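What follows is one structure encoded as structure tokens, with my remarks underneath.
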Amino acid sequence: MERLRPSRCFFVVFCCILVFFCSLSWYNMKESRWHLRAMFSCDQHPVESTISSLIENNVRLDRILYPKPETLKPPRTDVLTIAPWLAPIIWNGIFNSDILNAQFHKRGVRIGLTTFAIKKYVRFMKDFLETAEKFFMVGHKVNYYIFTDRAHEIPNITIGEGRHIHIINVTGYQRWQDVTMRRMQMIRDETYSRFINEVDYLVCVDVDMRFYGSVGVEILGDVFGTLHPGFFGASRQQFTYDRNPKSVACIPVDEGDFYYAGGYFGGKIEEVYKLTNFCHSAMMTDKAIGIEALWHDESYLNKYFLYYKPTKILSPEYVWNNYYGSPAAVQIKRFVGVDKNYDEVRFRR
Ligand SMILES: CC(=O)N[C@H]1[C@@H](OP(=O)(O)OP(=O)(O)OC[C@H]2O[C@@H](n3ccc(=O)[nH]c3=O)[C@H](O)[C@@H]2O)O[C@H](CO)[C@H](O)[C@@H]1O
Ligand SMILES: [Mn+2]
1 MERLRPSRCF FVVFCCILVF FCSLSWYNMK ESRWHLRAMF SCDQHPVEST
51 ISSLIENNVR LDRILYPKPE TLKPPRTDVL TIAPWLAPII WNGIFNSDIL
101 NAQFHKRGVR IGLTTFAIKK YVRFMKDFLE TAEKFFMVGH KVNYYIFTDR
151 AHEIPNITIG EGRHIHIINV TGYQRWQDVT MRRMQMIRDE TYSRFINEVD
201 YLVCVDVDMR FYGSVGVEIL GDVFGTLHPG FFGASRQQFT YDRNPKSVAC
251 IPVDEGDFYY AGGYFGGKIE EVYKLTNFCH SAMMTDKAIG IEALWHDESY
301 LNKYFLYYKP TKILSPEYVW NNYYGSPAAV QIKRFVGVDK NYDEVRFRR
């Protein structure tokens, strides 16, 4: 048998390497299902630079002292602290903020807080921002993203170091229902044009609220929702899901885990994209046949979380309303609805 000459051998090896890299990049393109891939792709984060930055930034392992967790003495037994799909449910007393802060500081996370102040709702902005400065993600990098049609009315308040306010100019819709529902579309559109480059996590909340207690990194996870304060003890039948079989938001009476609040969700940018994109598309599908779900964006959010389970669930401490009194299970009211005259704030000019 003829022996392979070195030059031919080299040529064969070269071809093999070429074929390998071509198929790798083809596979990469084929697997990409959404356009954010461009932002996560190797073009912007070359593997070599990631590895060298890892070598330079050796992870520091610091000593940290705290009481030992007790396997046989769970800190809370009065409430459910884990969902059947193993998502933790965050209640006061079950976590240690010092441990969490140390872990998240090591990763240098950047958190975006989105809210909408359209038309008269701009009046809630001052309290919202001032209390957020005291209680929201203190010590971490925070970007406030305020969607508004009244930029000139956004109060000028002093912001802590590492925190920034960004105004996003949008036009308000005539009907209040459209204002609340279109938040999904507007958040979605900013995920790939902006948020993906600026923050790691998003927290998306109502503006007619005030912080009264700490809201920290314990809430962060891939994708999270919050138990509505009016329904955490309710049965499936009592949940005010949309029941119209013609609506995309419809949930049958024999399904449903929790009733999630429309005014508080979030997660990693890619997950918030998926969530807001689903909700907005579902609303558009319904709109085309003249349907609007019972509780607007909240109904679509509940549909999404039924089949795309949140990886973390926040207790109603995180979106309380004093209308529901002071049940024993809610030891801290961290973020509470501000009393408002619905008619005045929504309808009168
Ligand atoms: C705490 C909570 O879970 N709230 C939800 C609840 O009602 P709410 O009664 O809390 O709804 P809302 O009047 O606060 O409207 C939701 C949000 O839309 C924005 N907005 C609304 C109207 C307007 O003219 N200008 C403006 O900026 C503002 O950020 C407001 O906080 O149900 C709504 C759907 O019906 C939404 O799912 C809300 O998120
Ligand atoms: Mn509200």
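So the sequence shown is numbered by full-length UniProt numbering: it starts at 1 and just counts up by one.
All residues carry an ideal CB built from backbone N, CA and C; glycine is no exception.
It should be emphasised that the depicted structure is a prediction, and the values quoted were computed from it without experimental measurement.
If you reduce the DSSP assignment to three classes, tell me which class Lys141 lands in. In the structure shown, Lys141 falls within a strand segment according to DSSP collapsed to helix, strand and coil.
Within 10 angstroms of its Cβ, does Pro252 collect 16 or more other Cβ (buried), or is it exposed? Flag for Pro252 reads exposed.
Cβ shell of Val217 (< 6 Å), same chain only, five flanking positions each side left out: Within the same chain, Val217 has close Cβ partners Leu100, Phe104.
In this structure, does DSSP put His166 in helix, strand or coil? Three-state result, His166: strand.
The beta strand (DSSP E) spanning Thr226 covers which residue range? Run containing Thr226: 223-226, per the beta strand (DSSP E) assignment.
In or out: Lys134 buried (at least 16 other Cβ within 10 Å) or exposed? Counting Cβ neighbours within 10 Å, Lys134 comes out exposed, since fewer than 16 surround it.
Heavy atom of ligand 2 within 7 Å of Gly213 beta-carbon: Answer for Gly213: no, Cβ out of range of ligand 2.
Which value, in whole angstroms, describes the spacing of the CA atoms of His166 and Gly263? In this structure, the alpha-carbon of His166 lies about 20 Å from that of Gly263.
Considering only heavy atoms of ligand 2, list every residue whose Cβ is less than 7 Å from one of them, following chain order. This selection yields Asp206, Asp208, Met209, Gly263, Gly337.
Can you tell me which residues form a DSSP beta bridge with Pro88? The partner list for Pro88 (beta bridge, DSSP) reads Ile82.
At a threshold of 7 Å, does Tyr121 count as lining ligand 1 (C-beta to nearest heavy atom)? It does: the Cβ of Tyr121 is within 7 Å (strictly closer) of some heavy atom of ligand 1.
Cβ-based burial, Lys73 [other Cβ within 10 Å; buried from 16]: Counting the other CB atoms within 10 Å of its CB gives Lys73 a total below 16, which places it among the exposed residues.
Is Ala151 near ligand 1, in the sense that its beta carbon is under 7 Å from a heavy atom of that ligand? It does not: the Cβ of Ala151 is nowhere closer than 7 Å to a heavy atom of ligand 1.
If you reduce the DSSP assignment to three classes, tell me which class Ile289 lands in. Note: Ile289 maps to coil in three-state DSSP.
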